Amino acid sequence: MGKGNNSFRVFVDTNVLISAMHSRESITRKLLLILSENHHLIICSHTLTEVSKVKSK
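Each residue of the sequence shown is one higher than the one before, starting from 1439 at the first, in this note's numbering.
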């Protein structure tokens, strides 16, 4: 199923990204994969900067 007229823009925050990156089997990762099939995931540059800082610790 493609991203059509019924799709939403879903903002993904830092905590969600970090949780999804923690494990291939995480519920958060699975949810993001499912959402990305039909919706547009929005990740701002500030969020990416925060994730980078957290992961480098």
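Beta carbons: idealized from backbone N, C-alpha and C, even for Gly.
Since the model is a prediction, treat every value here as computed from it, not as a measurement.
Check your understanding: Considering only residues of the same chain and omitting the five flanking positions on each side of ARG1467, which have a CB-CB separation below 6 Å?
Key -> ALA1458
Review point. Per DSSP, what kind of secondary structure is ARG1447 in: helix, strand or coil?
Key: strand
Check your understanding: Residue range of the beta strand (DSSP E) that HIS1478 falls in?
Key -> 1478–1480
Check your understanding: Nearest-angstrom Cα distance between ILE1465 and LEU1471?
Key -> 10 Å
Point to revise | For ILE1480 and VAL1450, believed in contact at Cβ under 8 Å, the rounded distance | key: 7 Å
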